[in-house]
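Numbering (the numbering used here), first residue to last: 45 to 237. Even for Gly, the Cβ is constructed at its ideal location relative to N, Cα and C. Let me begin by presenting the structure, written as structure tokens, before commenting on it.
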Ligand code: UDP
């Protein structure tokens, strides 16, 4: 996949719809994909933390969440056309899930936040299947992995702040049958509000 690199950090210069069609192809091939949001703060942090740099660069899609990334791309006549924010990417993925019948699992945030976000999402996309959810404070991660697999989730959103959520995804994705993973920071708070 074509990437642009800013201070060592990869950025995927694709729009929302281009990411969705690329994801659909990868899902059809049973490939797992991870989506991580990139902004200037994360680029600076990655330059001080090799583990974070590796976590970002080993993701499938590094979406240009921050306006600073868009400006940097424009300055070097790169291909980033607009911001692709984590919360809007999640919203597009929810619509995509409802259209294609993909099953969604939501993990993270406080119980009342994630349950209310689920309710609001089901209201917005009546055709969607939220196959399950869990708050971000459970202790038994093995049981959670089993539950996500048991409900046959295709798309997993993890909302525990960055990089905690991406580290969780990396640690558990080998045992998960999920095909699309996105760390979404405080997005459940946005959907629940
Ligand atoms: N969170 C969680 N589990 C944790 C820590 C945080 O689910 O162990 C959730 C928290 O409830 C909030 C989201 O992660 O909804 C973002 O948390 P925080 O503000 O700490 O992260 P930041 O946005 O600073 O990266």
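Cutoff 7 Å; reference residue i; Cβ partners in own chain excluding five residues on either side
i: residue 249; result: No answer is possible for residue 249: the residues shown for the chain start at 45 and end at 237.
i: residue 87; result: 50, 51, 53
i: residue 155; result: 179
i: residue 212; result: 202, 204
i: residue 214; result: 99
i: residue 89; result: 96
i: residue 233; result: 153, 157
i: residue 160; result: 236
i: residue 207; result: 96, 99
Strand pairing of residue i, partner residues [DSSP]
i: residue 196; result: Answer is none; residue 196 lacks a bridge partner.
i: residue 150; result: 177, 201
i: residue 227; result: 202
i: residue 48; result: 55
i: residue 60; result: Per DSSP, none; premise fails for residue 60.
i: residue 81; result: 107
Minimum C-alpha distance to residue i - residue among the options
i: residue 203; options: 179, 197, 222; result: 179
i: residue 157; options: 211, 231, 222; result: 231
i: residue 201; options: 72, 78, 61; result: 78
i: residue 219; options: 207, 193, 229, 160; result: 193
i: residue 227; options: 124, 184, 198, 150; result: 150
i: residue 138; options: 162, 208, 153; result: 162
i: residue 67; options: 229, 237, 222, 235; result: 222
i: residue 72; options: 198, 210, 217, 206; result: 198
i: residue 59; options: 133, 148, 229; result: 133
Spatial neighbours of residue i in its chain, beta-carbon cut-off 6 Å, leaving aside the 5 residues before and after
i: residue 101; result: 54
i: residue 104; result: 77, 78
i: residue 70; result: 77
Cut-off 8 Å between Cβ atoms - residues of its own chain near residue i, not counting five sequence neighbours on either side
i: residue 123; result: 46, 48, 57, 117
Query raised in the report: Is the stretch 83-91 touching the stretch 109-118, taking contact as three or more C-beta pairs under 8 Å?
Result: Look at the beta carbons and you see the stretch 83-91 touching the stretch 109-118: at least three pairs across the two are nearer than 8 Å.
Query - Given 8 Å, three or more beta-carbon pairs between the stretch 160-174 and the stretch 141-151 - result: The stretch 160-174 makes contact with the stretch 141-151, as at least three CB pairs between them are under 8 Å.
Query raised in the report: Could you name the residues, in chain order, whose CB is less than 7 Å away from a heavy atom belonging to the ligand UDP?
Result: In chain order, the residues that have a beta carbon nearer than 7 Å to some heavy atom of the ligand UDP are 152, 153, 154, 157, 179, 180, 181, 203, 204, 205, 206, 208, 229, 230, 232, 233.
Query - Given 8 Å, three or more beta-carbon pairs between the stretch 112-130 and the stretch 95-102 - result: No: the two stretches stay apart, fewer than three of their Cβ pairs being nearer than 8 Å.
Query raised in the report: With contact counted as at least three CB pairs below 8 Å, one residue from each stretch, are the stretch 115-124 and the stretch 161-169 in contact?
Result: Result no; under three Cβ-Cβ pairs closer than 8 Å.
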